[in-house]
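Colleague: One structure coming up, written as structure tokens, with questions to follow.
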Amino acid sequence: MGEYQVRRVHADEWRAFRQIRLEALSDTPIGFSERYEDARAKPDEVWRERARRSAEAPDSALFAAFDENGRIVGTAGAFTKPDGALTAGRELVVYGVYVTPAHRGPRFAVAPSLFDAVIRWARETAGAEVITLSVHERNERAHAFYRRYGFVDTGATTPYDLDETASLIEMRFEG
1 MGEYQVRRVH
11 ADEWRAFRQI
21 RLEALSDTPI
31 GFSERYEDAR
41 AKPDEVWRER
51 ARRSAEAPDS
61 ALFAAFDENG
71 RIVGTAGAFT
81 KPDGALTAGR
91 ELVVYGVYVT
101 PAHRGPRFAV
111 APSLFDAVIR
121 WARETAGAEV
131 ITLSVHERNE
141 RAHAFYRRYG
151 FVDTGATTPY
161 DLDETASLIE
171 MRFEG
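Here you go:
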């Protein structure tokens with residue numbers, strides 16, 4: 001168990017961001033709405049722009065947990081739900097949640113540390129009144145963590161973009 005620094009990703013860390021994103025898509029494909037092959041084929045400029053936006057945009061942020069060697073071992077972000085959403089109040093959606101297998105579990109506390117940072121940013125900086133996320137119906141590990149952290153199922157589901165025979169379960173933060 002090591003020490004972790006959790007902070008917002010910097011624009012110049014796009015290569016590390018790309019590396020952890022590709023690892024996430026390969027390790028846990030049902031956790032994301034992007035295919036590994038599609039992401040791997042994206043040019044560097046797309047990754048630079050993703051990292052820049054994650055670092056600088058007022059309506060979205062991506063946080064990363066860095067180990068003692070400066071390697072990203074986990075990510076979690078949030079973005080403002082587009083206007084016209086059915087939920088009253090300013091709603092932020094959590095996305096991009098991933099922790100490398102070697103740093104998972106309660107003894108490491110990477111995921112809770114990432115969520116602490118995301119929730120703090122969502123409330124204090126982005127002014128979120130409602131915080132939601134969607135989890136694949138077969139991603140039991142993530143679903144269990146989200147419940148432990150204080151998210152509850154809303155009862156709403158949507159088709160999973162990459163396989164419409166599967167569903168995403170919407171959860172709302174009640175912590």
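Going by the UniProt record's numbering, the first residue of the sequence shown is number 1, and it counts up by one from there.
Glycine included, C-beta positions come from ideal geometry on N, C-alpha and C.
1) Can you pull the DSSP bridge partners for residue 153?
2) Beta-carbon within less than 7 Å of residue 30's beta-carbon, same chain only, minus the 5 sequence neighbours each way: which residues are those?
3) Would you kindly work out how many angstroms separate the C-alpha atoms of residue 96 and residue 118, rounded to a whole number?
4) Taking a contact to mean a Cβ-Cβ separation below 8 Å, would you say residue 73 touches residue 99 in this structure?
5) For residue 92, which three-state DSSP category applies?
6) Look up residue 136 in the DSSP assignment and give the residues it is bridged to.
7) So, at 7 Å on beta carbons, what are the nonlocal neighbours of residue 53 in its own chain, with the 5 sequence-adjacent residues on each side left out?
Modeller: In short, the structure shows the following:
1) In the DSSP output, where bridge partners are listed per residue, residue 153 has 171.
2) 136, 138, 139.
3) Taking the straight line from one Cα to the other gives about 11 Å.
4) Result yes, Cβ atoms of residue 73 and residue 99 sit closer than 8 Å.
5) The three-state secondary structure of residue 92, taken from DSSP, is strand.
6) In the DSSP assignment, residue 136 is bridged to 168.
7) Scanning its chain for C-beta atoms nearer than 7 Å, with the 5 sequence neighbours on each side dropped, one finds around residue 53 the residues 60, in chain order.
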